[in-house]
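Peer 1: Below are the structure tokens for one structure; questions will follow.
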Amino acid sequence: MYISSEFLHYGAIATSIGISSVSVGLGQGMISWSALNAINRQPAAQDDVMRVAIIGMTLVETVAILGLLISIFLLVYTTLDPHACFSHYAKIGIIAAMGITSFVTGLASAFPAQAACNAVARQPFFTHRISGFMLMTQVLIQTPLISSFLVSLFIQGQADSATTLTDSLRLIASGMCVGIGSIGPAIGLSIFSKAALNSLGKNSKAYNKLLSFTFISEALIETPIIFCLIIAIILLFMIPHTSTDNPISGIIFLAAGLCSGLGTLGTGISSGATAAAACTQIGLAPESYNILSRTSLLAQSLIETVVLYTVILSLLMILFR
Amino acid sequence: MNGAEIIETPQWSFGSLIGHPDNPLFNINSEIVIHTWIIMLLLAIMLASVKFLLHHTAMGRFILIRFVSFFIDLTKQSLGFFVFSHCVFASSLFIFIALCNTASLIPWLDEPTRDLNTTLALGIISFFYIQSVSIQVRGIGSYIKDFFQPFFIMLPLNIIGKLSSIVSISFRLFGNIFGGAIITKLYFGVIHGSLILELFGLFSGINFLIIAFFTLFEGLLQAFVFAMLTLTYLSIGTQEGGGH
Numbered sequence: 628m629y630i631s632s633e634f635l636h637y638g639a640i641a642t643s644i645g646i647s648s649v650s651v652g653l654g655q656g657m658i659s660w661s662a663l664n665a666i667n668r669q670p671a672a673q674d675d676v677m678r679v680a681i682i683g684m685t686l687v688e689t690v691a692i693l694g695l696l697i698s699i700f701l702l703v704y705t706t707l708d709p710h711a712c713f714s715h716y717a718k719i720g721i722i723a724a725m726g727i728t729s730f731v732t733g734l735a736s737a738f739p740a741q742a743a744c745n746a747v748a749r750q751p752f753f754t755h756r757i758s759g760f761m762l763m764t765q766v767l768i769q770t771p772l773i774s775s776f777l778v779s780l781f782i783q784g785q786a787d788s789a790t791t792l793t794d795s796l797r798l799i800a801s802g803m804c805v806g807i808g809s810i811g812p813a814i815g816l817s818i819f820s821k822a823a824l825n826s827l828g829k830n831s832k833a834y835n836k837l838l839s840f841t842f843i844s845e846a847l848i849e850t851p852i853i854f855c856l857i858i859a860i861i862l863l864f865m866i867p868h869t870s871t872d873n874p875i876s877g878i879i880f881l882a883a884g885l886c887s888g889l890g891t892l893g894t895g896i897s898s899g900a901t902a903a904a905a906c907t908q909i910g911l912a913p914e915s916y917n918i919l920s921r922t923s924l925l926a927q928s929l930i931e932t933v934v935l936y937t938v939i940l941s942l943l944m945i946l947f948r
Numbered sequence: 009m010n011g012a013e014i015i016e017t018p019q020w021s022f023g024s025l026i027g028h029p030d031n032p033l034f035n036i037n038s039e040i041v042i043h044t045w046i047i048m049l050l051l052a053i054m055l056a057s058v059k060f061l062l063h064h065t066a067m068g069r070f071i072l073i074r075f076v077s078f079f080i081d082l083t084k085q086s087l088g089f090f091v092f093s094h095c096v097f098a099s100s101l102f103i104f105i106a107l108c109n110t111a112s113l114i115p116w117l118d119e120p121t122r123d124l125n126t127t128l129a130l131g132i133i134s135f136f137y138i139q140s141v142s143i144q145v146r147g148i149g150s151y152i153k154d155f156f157q158p159f160f161i162m163l164p165l166n167i168i169g170k171l172s173s174i175v176s177i178s179f180r181l182f183g184n185i186f187g188g189a190i191i192t193k194l195y196f197g198v199i200h201g202s203l204i205l206e207l208f209g210l211f212s213g214i215n216f217l218i219i220a221f222f223t224l225f226e227g228l229l230q231a232f233v234f235a236m237l238t239l240t241y242l243s244i245g246t247q248e249g250g251g252h
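Top to bottom, those sequences are chains A and B.
Take the working numbering: the final residue in the first sequence is number 948, and no numbers are missing along the way.
Take the working numbering: the final residue in the second sequence is number 252, and no numbers are missing along the way.
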């Protein structure tokens with residue numbers, strides 16, 4: 628099948644803004660749905676619920692803004708040369724990185740805002756703390772988007788100098804690594820922050836304990852994304868440039884990127900679910916915080932060794948190709 | 009937008025003195041080493057000032073007591089009991105890493121933890137501390153027997169599982185700080201040179217937000233996570249029959 632290079636170029640532009648705006652639309656719809664539900668349950672807290680919902684929607688909208696920025700960069704800073712097909716194949720990397728990540732993070736950062744609306748309806752006198760907590764979790768959920776934004780910018784910067792199939796496969800691999808790698812941790816983060824805000828709504832006295840537990844757990848759940856970012860940056864910058872075309876090493880790059888990307892999938896979700904269960908229990912029984920947090924951290928650090936195996940394997944693949 | 013110059017670090021090469029000019033083993037990242045020594049000097053000055061000056065004021069004493077009691081609580085919480093040497097080890101790791109991570113706030117200084125060698129060294133230090141404590145507490149026989157659990161064939165997997173704690177703890181720190189450093193360098197590289205963009209970034213608070221999140225917040229959080237994970241691994245290692 629013949630794919631024209633213009634198709635890929637404009638396809639990357641359309642995917643970046645299109646998918647991010649679809650996910651932002653869905654996320655904002657979910658937030659307003661649960662805000663209306665919360666107002667229905669507690670009409671006296673109407674102002675507080677509205678304020679929290681609007682803060683949440685504004686933060687979800689940063690996903691669309693980053694997608695728009697990438698689209699504008701692609702549209703303005705590219706000289707369209709129909710003969711340079713390899714530099715356009717590299718745009719598949721941008722499609723994977725921005726498309727997947729913006730879809731997942733846009734939906735995932737809506738969940739804590741939904742839970743925050745319900746929590747405010749339960750405890751209207753605690754709105755200030757709940758909105759601060761929600762803001763922090765949403766910002767932490769959107770860090771994978773920042774990493775894939777960076778990788779997309781780097782791919783765009785290197786796409787013009789890609790003259791062989793190996794180069795374009797390398798750029799696609801780095802984009803796929805970040806894109807697929809952000810699915811699992813983003814889902815895990817959304818599960819965890821939803822549970823944390825729910826338990827904050829049920830028991831506001833556990834605020835201090837939940838806050839410190841949230842900081843450390845979200846840092847642990849997010850670690851697989853960082854490993855993927857390292858692999859992507861190694862693929863982007865640490866490979867010595869060769870002018871001879873060798874598609875086998877390009878396929879090895881693709882396999883390495885997919886390996887570390889897919890490795891984070893189960894780890895992120897299960898790590899998030901573990902921390903979420905611990906968070907629910909802390910909300911129910913804050914006095915047994917020590918044993919709960921110790922068990923949860925232990926389980927999470929054991930779960931995360933699996934990611935290390937995939938990361939080490941992909942490093943070995945890149946080094947001994 | 010080509011970020012290759014961010015990753016390269018200036019190096020001293022001692023290889024030509026010994027006769028191996030191309031051997032990367034004899035290269036030292038000069039910037040990182042000098043900056044680590046400057047940070048250690050700062051740490052020494054801070055310690056001296058706390059010991060001789062701030063100790064006598066009410067405010068200094070208050071901060072000191074809060075800091076120490078925070079780490080005593082942390083040790084109790086993650087180990088289940090209080091051990092003085094573990095608390096001192098974790099808190100000194102925290103202070104050093106926190107200073108290293110936020111070093112880019114000081115002009116002409118970069119984060120030494122941006123380099124993988126620094127974080128690997130820290131990870132190896134904590135690994136050997138944990139293993140020696142584990143041997144001391146449980147005895148050498150019980151320690152070695154743990155490698156053959158549940159079957160004899162699991163020996164290589166158990167060894168890899170033990171060693172992977174070094175990689176996990178040090179790559180986590182390195183990746184976070186490195187990513188943050190790249191993002192801040194890229195941002196300031198973009199706004200550098202255009203007066204309008206620089207003024208906009210300065211007065212709209214975007215500069216401050218980026219520095220506050222990626223340097224202060226992320227740096228302190230990662231230092232805390234490093235200390236906390238060391239304590240968690242300690243609690244696994246000292247328990248009877250604890251797996252990896």
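Backbone N, C-alpha and C define an ideal beta-carbon position, used for all residues, glycine too.
Bear in mind that the values here come from a model prediction, so they are computed numbers and not experimental data.
Since I918/A and G806/A are thought to touch, with beta carbons under 8 Å apart, how far apart are those beta carbons, to the nearest angstrom?
Peer 2: Reading the first sequence from its first residue, position 291 is the one you call residue 918/A. Reading the first sequence from its first residue, position 179 is the one you call residue 806/A. That pair is no contact at about 38 Å.
Peer 1: Which ranges would you report for the alpha helix (DSSP H) in the stretch 790-820 of chain A if only whole runs of at least 4 residues count?
Peer 2: 792-808
Peer 1: Closest by CA to S844/A, which one among G808/A, G895/A, A789/A, K718/A?
Peer 2: Counted from its first residue, the first sequence places residue 844/A at position 217. For S844/A, the nearest C-alpha among the options comes from G895/A.
Peer 1: Just by C-beta distance, which residues in the stretch 33-61 of chain B are closer than 8 Å to chain A?
Peer 2: none
Peer 1: Per the DSSP calculation, S21/B is bridged to which residue(s)?
Peer 2: As a first step, residue 21/B must be located in the second sequence, where it is residue number 13. Paired residue(s): N35/B.
Peer 1: Should V697/A and L780/A be called a contact, given that it needs their Cβ atoms to be closer than 9 Å?
Peer 2: For the purposes of this step, residue 697/A is identified with residue 70 of the first sequence, where counting begins at 1. For the purposes of this step, residue 780/A is identified with residue 153 of the first sequence, where counting begins at 1. First, the amino acid is wrong: residue 697/A is Ile here, not Val. Yes, the pair counts as a contact, with Cβ atoms nearer than the cut-off.
Peer 1: Does I692/A come within less than 9 Å of chain B when only Cβ atoms are used?
Peer 2: Mapped onto the first sequence, residue 692/A falls at position 65. Not a single CB atom of chain B sits nearer than 9 Å to the CB of I692/A.
Peer 1: Starting from L254/B, follow the alpha helix (DSSP H) in both directions and report where the run begins and ends.
Peer 2: What is shown of chain B runs 9 to 252, which leaves residue 254/B out entirely.
Peer 1: Please go through the stretch 116-180 of chain B and give each complete alpha helix (DSSP H) segment of 4 or more residues, from N-terminal end onward.
Peer 2: 124-146, 148-153
Peer 1: Pick helix, strand or coil for N10/B, following the three-state DSSP scheme.
Peer 2: As a first step, residue 10/B is located in the second sequence; it is residue number 2 there, counting from the start. Below a pLDDT of 50, predicted positions are generally treated as unreliable, and N10/B, at 48, falls in that range; no measurement from the model is reported.
Peer 1: With a threshold of 16 other CB atoms inside 10 Å of the CB of Y704/A, please say whether the residue is buried or exposed.
Peer 2: Locating residue 704/A in the first sequence gives position 77, where the first residue counts as 1. Of the other Cβ atoms in all chains shown, fewer than 16 fall within 10 Å of the Cβ of Y704/A; this residue is therefore exposed.
Peer 1: Since A789/A meets chain B, which of its residues come closer than 9 Å, beta carbon to beta carbon?
Peer 2: Within the first sequence, numbered from 1, the residue matching residue 789/A stands at position 162. Listed along chain B, no residue sits closer than 9 Å to A789/A by beta-carbon distance, the nearest being about 13 Å off.
Peer 1: Counting Cβ pairs, one atom from each stretch, are 3 or more of them under 8 Å apart for the stretch 795-805 of chain A and the stretch 709-721 of chain A?
Peer 2: yes
Peer 1: Pull up the CB-CB distance for I681/A and Q673/A, whole angstroms please, since I reckon it's below 8 Å.
Peer 2: For this step, residue 681/A is matched to residue 54 along the first sequence. For this step, residue 673/A is matched to residue 46 along the first sequence. That pair is no contact at about 12 Å.
Peer 1: Which residues, in order along the stretch 231-248 of chain B, keep a beta-carbon less than 8 Å from a beta-carbon of chain A?
Peer 2: F232, V233, M236, L237, T240, Y241, S243, I244
Peer 1: Which same chain residues, not among the five before or five after R948/A, have their C-beta less than 6 Å away from its C-beta?
Peer 2: Numbered from 1 along the first sequence, position 321 holds the residue referred to as residue 948/A. Correct list, in chain order: S876, I879.
Peer 1: With a cut-off of 9 Å, does the C-beta of K84/B fall near any C-beta of chain A?
Peer 2: The residue you call residue 84/B lines up with position 76 of the second sequence. Answer yes: the Cβ-Cβ gap between K84/B and chain A drops below 9 Å somewhere.
Peer 1: Under a Cβ-count criterion, where at least 16 other Cβ atoms within 10 Å of its own Cβ denotes burial, should S887/A be classed as buried or exposed?
Peer 2: Residue mapping note: residue 887/A aligns to position 260 of the first sequence, counting from 1. By the neighbour-count criterion, in which 16 or more other beta carbons inside 10 Å mark a residue as buried, S887/A falls on the buried side.
Peer 1: For N215/B, name the three-state secondary structure that DSSP assigns.
Peer 2: Numbered from 1 along the second sequence, position 207 holds the residue referred to as residue 215/B. N215/B sits in a helix when the DSSP states are folded into three classes.
Peer 1: Nearest CA to the CA of F842/A: which residue from G815/A, G811/A, S897/A, M763/A?
Peer 2: Numbered from its first residue, the first sequence carries residue 842/A at position 215. When only C-alpha atoms are compared, the closest one is M763/A.
Peer 1: Using only the alpha-carbon positions, how far apart do L777/A and L816/A sit?
Peer 2: The count along the first sequence starts at 1 and reaches residue 777/A at position 150. The count along the first sequence starts at 1 and reaches residue 816/A at position 189. Distance between the alpha carbons of L777/A and L816/A is about 21 Å.
Peer 1: Pull up the distance between the alpha-carbon of G227/B and that of T121/B, whole angstroms please.
Peer 2: Residue mapping note: residue 227/B aligns to position 219 of the second sequence, counting from 1. Residue mapping note: residue 121/B aligns to position 113 of the second sequence, counting from 1. Their backbone Cα atoms lie some 10 Å apart in a straight line.
Peer 1: Please report the distance separating the alpha-carbon of V690/A from that of I185/B.
Peer 2: Here residue 690/A refers to the residue found at position 63 of the first sequence. Here residue 185/B refers to the residue found at position 177 of the second sequence. Distance between the alpha carbons of V690/A and I185/B: 23 Å.
Peer 1: Helix, strand or coil, according to DSSP, for N830/A in the structure here?
Peer 2: By 1-based counting over the first sequence, the position of residue 830/A is 203. Three-state DSSP puts N830/A in coil, outside helix and strand.
Peer 1: Under 8 Å Cβ-Cβ, which residues of chain A neighbour V91/B?
Peer 2: Translated into positions along the second sequence, residue 91/B becomes position 83. Chain A residues near V91/B: none, gap ~15 Å exceeds 8 Å.
Peer 1: Given a cut-off of 9 Å on the beta-carbon distance, is the pair L885/A and A800/A in contact?
Peer 2: Position 258 of the first sequence, counted from the start, is the residue given in the question as residue 885/A. Position 173 of the first sequence, counted from the start, is the residue given in the question as residue 800/A. Yes.
Peer 1: Could you name the residues of the same chain whose beta carbon sits closer than 7 Å to that of S178/B, not counting the 5 residues immediately before and after it, in chain order?
Peer 2: As a position in the second sequence, residue 178/B is number 170, starting the count at 1. T127, L128, L130, G131, listed in sequence order.
Peer 1: Helix, strand or coil for M677/A per DSSP?
Peer 2: As a first step, residue 677/A is located in the first sequence; it is residue number 50 there, counting from the start. It is helical.
Peer 1: Would you say L130/B lies against chain A (beta-carbon separation less than 9 Å)?
Peer 2: Counted from its first residue, the second sequence places residue 130/B at position 122. Closer than 9 Å: no.
Peer 1: So Q927/A is in the alpha helix (DSSP H); what residue range does that whole segment cover?
Peer 2: Counting from 1 along the first sequence, the entry for residue 927/A is found at position 300. Annotation: the continuous alpha helix (DSSP H) that includes Q927/A extends over 916-930.
Peer 1: Taking the Cβ atom as the reference point for each residue, do I858/A and S941/A lie within a distance shorter than 9 Å?
Peer 2: Here residue 858/A is taken as the residue at index 231 of the first sequence, counted from 1. Here residue 941/A is taken as the residue at index 314 of the first sequence, counted from 1. Taking 9 Å as the Cβ cut-off, I858/A and S941/A qualify as a contacting pair.
Peer 1: Have a look at L892/A, S839/A, T850/A and flag the residue whose alpha-carbon is nearest the alpha-carbon of I814/A.
Peer 2: As a first step, residue 814/A is located in the first sequence; it is residue number 187 there, counting from the start. Of the listed residues, the one whose Cα sits closest to I814/A is L892/A.
Peer 1: Looking at C-alpha atoms only, which residue of I773/A, L702/A, Q927/A, F752/A is the closest neighbour of Y241/B?
Peer 2: As a position in the second sequence, residue 241/B is number 233, starting the count at 1. With distances taken between Cα atoms, Y241/B lies closest to Q927/A.
Peer 1: Does DSSP classify I765/A as helix, strand or coil?
Peer 2: Here the question's residue 765/A lines up with position 138 in the first sequence. Position check: residue 765/A holds Gln in this sequence, whereas Ile was assumed. Note: Q765/A maps to helix in three-state DSSP.
Peer 1: Would V679/A be called buried (16 or more neighbouring beta carbons within 10 Å of its own) or exposed?
Peer 2: What you label residue 679/A is simply residue 52 of the first sequence in a count that begins at 1. By the 10 Å Cβ count, V679/A comes out buried.
Peer 1: Which residue's Cα is closest to the Cα of R289/B: F75/B, A231/B, V76/B?
Peer 2: Summary: the structure shown does not reach residue 289/B, with chain B confined to residues 9 through 252, and so no result is reported for it.
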